[in-house]
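Residue numbers (the UniProt record's numbering): 1 to 193.
Here you go:
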């Protein structure tokens, strides 16, 4: 039997390291491929406070395979007819984010590129002193193309106070009569009062 020389030992160590590196890269590739896609989130800021706004609902554009649906049942809405995707039985976790926005201070929203590049609408809900609610709809068309940040006035008129925002990624739908309308396949909800 012959003795192992330094060159042979170095070659064996190099081969072992190569095998370990390839195995590690393979395991890492499988883990990354099978990892859950993180929720698409918005960031809201007002009066020195920042909150991460997770989706209230998030479905494929076909309105099937919903990954997130509202935590609580919302009667009379499209959400009552939707089902969780087969691999997300715990999808009923959508909640409204809370962020106090004092009157006169703006609400600032930061949008991820995936959302900014899509057609979007936002329903702003204002409250009058008598308790009546006033809705205003803004859209991607009201801002520069692919804007990543939005500033929303919390008191655009003396008697109006912002109490909530629902940010939506809409799709065009058609009912049995042929009437077309928008349905959000993804929503983010923020209570500001």
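All C-beta atoms in this analysis are idealised placements derived from N, C-alpha and C, irrespective of residue type, glycine included.
Note that this is a predicted model, so its numbers are computed, not measured.
| Query | Result |
| --- | --- |
| 8 Å contact criterion, which residue 71 and residue 95 should meet: CB distance rounded | 5 Å |
| Inter-residue spacing [alpha-carbon to alpha-carbon] between residue 118 and residue 157 | 30 Å |
| At least three beta-carbon pairs within less than 8 Å, the region 82-95 to the region 104-114 | no |
| Identity of the residues DSSP links to residue 182 by a beta bridge | 172 |
| Per-residue burial, residue 196 [other beta carbons within 10 Å of its own, 16 or more giving buried] | Limits of the chain in this structure are 1 at one end and 193 at the other, which puts residue 196 out of reach. |
| Cβ pair residue 173, residue 59 closer than 8 Å | no |
| Delimiting residues of the beta strand (DSSP E) encompassing residue 122 | 121-127 |
| Which of helix, strand or coil DSSP assigns to residue 153 | coil |
| Any 3 or more C-beta pairs closer than 8 Å across the region 165-172 and the region 115-135 | yes |
| Whole-angstrom distance between residue 191 and residue 151, CA atom to CA atom | 16 Å |
| Residue closest to residue 68, alpha-carbon to alpha-carbon, out of 141, 82 and 62 | 82 |
| Opening and closing residue of the alpha helix (DSSP H) in which residue 113 lies | 113-116 |
| Buried versus exposed, by CB contacts within 10 Å (16 or more), residue 4 | exposed |
| Spatial neighbours of residue 138 in its chain, beta-carbon cut-off 6 Å, leaving aside the 5 residues before and after | 122 |
| Distance CB(residue 134)-CB(residue 126) smaller than 8 Å | yes |
| Beta-carbon separation (whole angstroms), residue 51 vs residue 99, contact threshold 8 Å | 5 Å |
| Opening and closing residue of the beta strand (DSSP E) in which residue 93 lies | 92-94 |
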